[in-house]
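Each remark here refers to the structure printed beneath this line.
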């Protein structure tokens, strides 16, 4: 069966729904792994992503989009909504929300050792740039690296769009200078 046939069947057949869930669980885990909520567990974000997956199964109508793209959007939005809700005060977005920077597009480590190395590289990178950038520049840059648009960043940080654009431009200039020198 194709994904579209499974989606149609999943609305009345629990077995088809379980097959779709099983097939798309790795995608949910990959998206959830990009985010971190201080005080939360990775499984919390995976659970939110699973809600997004189930929503995708129940609401997909076709309309020219392929199902896997629709699932990705639903899962990512569910996780982002959970992260935004956990933030609370609009001016403390990254006090509780730290996206994990991707080293490659959809990079999945082969072994636990590879995962540990990747996480350490990410941590070192974040520490290095945090020393060079102001708090706003750092927050905006990390959120941009995670794929958020300027408007989303401005909303999450409670800042005007122009302030975010300026912070990103300053950060880019500082980081370019840093990497030219070192």
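Residue numbers (this note's numbering): 797 to 978. Beta carbons are placed, not taken as given, at the ideal position from N, Cα and C, and that holds for glycine.
Per DSSP, the continuous alpha helix (DSSP H) segment holding residue 822 begins and ends at 810-828. At a Cβ-Cβ threshold of 8 Å, residue 806 and residue 816 count as neighbours. In this structure, the alpha-carbon of residue 921 lies about 39 Å from that of residue 855.
Within the same chain, and ignoring the five residues on either side of residue 932 in sequence, the residues whose Cβ sits closer than 6 Å to its Cβ are 963. DSSP places residue 841 in the uninterrupted alpha helix (DSSP H) bounded by 838-855.
As the crow flies, the alpha-carbon of residue 846 is around 11 Å from that of residue 873. If you draw a 10 Å sphere on the C-beta of residue 878, you find 16 or more other C-beta atoms in it, and that means buried. Secondary structure at residue 930: coil, using DSSP grouped into helix, strand and coil. Scanning its chain for C-beta atoms nearer than 8 Å, with the 5 sequence neighbours on each side dropped, one finds around residue 926 the residues 934, in chain order. By the neighbour-count definition (other C-beta atoms within 10 Å, threshold 16), residue 955 is a buried residue.
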